[in-house]
Amino acid sequence: MAKITKENGKLIVPDELTLPYIEGDGVGVEITNVCKKIVDHTVNTAYNGKRKIDWLEVLGGEKAYNKTNEWLPAKTMDTFKEYLIGIKGPLTTPVGGGIRSLNVALRQELDLFVCLRPVEWFKGVSSPVKEPNKVNMVVFRENTEDIYAGIEWEAGTEEAKKFYKFLHDEMNVKKVRFPETSSFGVKPVSKEGSSRLVRAAIQYAVDNKKPSVTIVHKGNIMKFTEGGFKKWGYEVAEKEFADVTFTMNQYNNIKKEKGAEEADAAYKKAIDSGKIIIKDNIADAFLQNTLLKPEDYSVIATLNLNGDYISDQLAAMVGGIGIAPGANINYNTGHAIFEATHGTAPDIAGKNIVNPCSMLLSFAMLFEYIGWIEVSQKIKNALVESFGKGYATHDLARFMENGTSLSTTDFAENIIKLIK
Ligand code: NAD
C-alpha cells in the first residue's frame, strides 16, 4: 500500500499508487467500473508498466449503509485522511433529519476549501453558445464559508425572534422590512478563508502559465464580506506574488497618481513580461461578459454562492453540464477528493446508457494534480477523437451532427482503443 505524502509543500507520489475510491450509488457503479478499466489501460500505456494503480475501495452512501448501517463509516474518512487523495462516484443524499450530506461531511472534515471546476469545450459536443471554443476557464470556488455556512433561522421561531431582537436592540439595525415574518441567515467571510482561496488560484495560474486571475464578487453591495474577499485577494497578489503578477488595483493607483497613459504603459509592460493580470469583476457583469467575451477570462476566484451559479453556467456553455468534472481540494495539506459532479441518476441506473465522462475527466484532473500529466493528456486526447467522430453516449450523441449513440461499456471500449 503506497501512499502519497506531502513534503516541503510538494506531493511525493509513489510509482505503485494506492488509490482509495468510493464506487458511488445508482449509476456510480457503472461509471466507476468503466473508468477504472480506462485508467488502468492508460497508466499502463503511458508508463509501460513502470507505474500502476492499486485500487482501494472504501465505502460511502447506500452501499456503506447496507453493509455497515452507516452512510459514511469512520474508516472511509480515516482512509481519505491517510492517503491524501481519493475519488468518488455520486452518492445518494440520505433523506431524514440529522444526517449531513455525505459530500458536505467530507468537505468539512478534510477542510477541502477549494471547489475546483475546469471548464473546457470538446470539439463535437453541442453547445448553446456560438463559439464554445473560446471558453476555457478554471473556477476556484471557496468551499467553507459564505451564506453556505448553514447559519440560518426560520421565520417565526424563537431563534429568529431572538436574532432580530439582538439586531434591533443591540446593533441598532432598523432596516428589516418585515421583522415578524423574516427568516435570517449569516454570511461569514474571513480574511484567512478569502486569502487561502485566492492564493491557491494564483498559484494555479503560475504553475499552469495562465494569463489572468479574475476575482468575482458583489463587493459593490456587500462591502465587507464580498468587498473584503476582493480586497484580501488583491493583498495576497501584491504581497505574495509581487514579482509574477500585476493587479488592476495597482493599475488604478498609477492612473490616479500619474494618469491613464502611465497606467496603460505599466499594464502593457506587465503583459509583455508575461506577468499574470489580477483583475476583478462584479458577479452579474461577469456572467454577462462570459457570454459576450469569454476569451477575456482564464482562472476565476470567487466566493461560495457566486461559485455555485458560475460553475453551472460555464459548464452549460460548453455543453458539459452532464460531463463536467470537479474536485474539492485543500492545497495546504494536499487532501483532495475528485468527483463526478452529477447525481446518482436513478432514472437511468443499470441501463448501461450513463455517460461516464464526468468521472473520467475527474480522473484526468486527479492525474494532473499528482503530476502524471501523460495519463490526463491521453484520456483527454481520446475523448477529443471520439467526440470529433460523433461517438458518445446517447445524452451527447443525440445532439451531435453525425452522432452515434454508444452504450456506456461500448463507449469505454472505444476510448480504450483510442488511448495512444
Ligand atoms: P442527477 O444528476 O442524478 O440527475 C439529473 C438528470 O440528469 C437525470 O435525468 C439523469 O438521468 C441525468 N444524468 C445525470 N448524470 C448523467 C450522466 N452521467 N449521463 C447521462 N445522464 C445523466 O440529479 P438528481 O436526480 O437531482 O439527484 C439524484 C440523487 O443524486 C439524489 O439523491 C441527489 O441528492 C444525489 N446527488 C448527488 C451528487 C453527488 O454525489 N455529487 C450530486 C447531485 C445529486
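Counting in full-length UniProt numbering, the sequence shown runs from 1 upward without gaps. The C-beta atom is built at its ideal place from N, Cα and C for all residues, glycine as well. Computed from a prediction, not measured in an experiment: that's the story for all the values here.
Any non-hydrogen atom of ligand 1 within 7 Å of S358 CB: yes
Does at least one heavy atom of ligand 1 sit under 7 Å from the Cβ of V27? yes
Once you ignore the five residues that flank M1 on each side, which residues in its own chain have a CB closer than 6 Å to its CB? T18
Are G322 and H335 closer than 8 Å when you measure CB to CB? no
Would the C-beta of I348 count as close to ligand 1, meaning under 7 Å from any of its heavy atoms? yes
So who's on the other strand from F246, going by DSSP bridges? I277
Could you pull the start and end residues of the alpha helix (DSSP H) that S376 belongs to? 373–388
Within 7 Å: the Cβ of E339 and any heavy atom of ligand 1? yes
How many angstroms separate the CA atom of I221 from the CA atom of I282? 10 Å
What's the gap between the Cα of A382 and the Cα of F367? 15 Å
Neighbourhood of G193 by C-beta, 8 Å cutoff - its chain only, sequence neighbours within 5 removed: F113, E142, T144, E145
Any idea what DSSP makes of S358, helix, strand or coil? helix
Which residues in the same chain as T181 place their Cβ atom closer than 6 Å to its Cβ, once the five residues preceding and following it in sequence are excluded? A155
Buried or exposed: where does A412 fall if 16 or more other Cβ atoms within 10 Å of its Cβ makes it buried? buried
S101 versus T93 - alpha carbon distance: 6 Å
Taking only heavy atoms of ligand 1 into account, decide whether any of them is closer than 7 Å to the Cβ of H41. no
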